[in-house]
Amino acid sequence: MTTEALLERVTIDPEICHGKPCIRHLRYPVEVLLELLSAGMTIEEILADYDDLEREDILAALAFAARLSQVKRLQAVAV
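Position one of the sequence shown corresponds to residue 322 (our numbering), numbered consecutively onward.
Here it is as structure tokens:
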């Protein structure tokens, strides 16, 4: 599956999870899936715990995070 196809699984709807990026209009925010992965859970463990999710959903969350990290530079803002 291409990166573009994976990214189509990430949806943003102001009526779902306060507009946070979610998987397929479900109430699974991308950030939660990333937190589970960073805590050491495997894709298989996540899929076993969340019946609505598919392997491609987890890969979409990773692809989304990769795209977000492709910034040219970060600049500090004075507060």
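Note that beta-carbon positions come from the ideal geometry of N, C-alpha and C, so glycine has one too.
Alpha-carbon to alpha-carbon, residue j and residue i
i: residue 372; j: residue 347; result: 12 Å
Under 8 Å between C-beta atoms of residue i and residue j
i: residue 355; j: residue 367; result: no
i: residue 330; j: residue 377; result: yes
i: residue 328; j: residue 380; result: no
i: residue 384; j: residue 324; result: yes
i: residue 344; j: residue 382; result: yes
Exposed unless 16 or more other CB atoms sit within 10 angstroms - verdict on residue i
i: residue 398; result: exposed
i: residue 342; result: buried
i: residue 374; result: buried
i: residue 400; result: exposed
i: residue 351; result: buried
*What are the start and end residues of each continuous alpha helix (DSSP H) run of 4 or more residues lying completely inside the stretch 323 to 384, in chain order?*
Qualifying alpha helix (DSSP H) stretches, in chain order: 324 to 328, 351 to 359 and 364 to 370.
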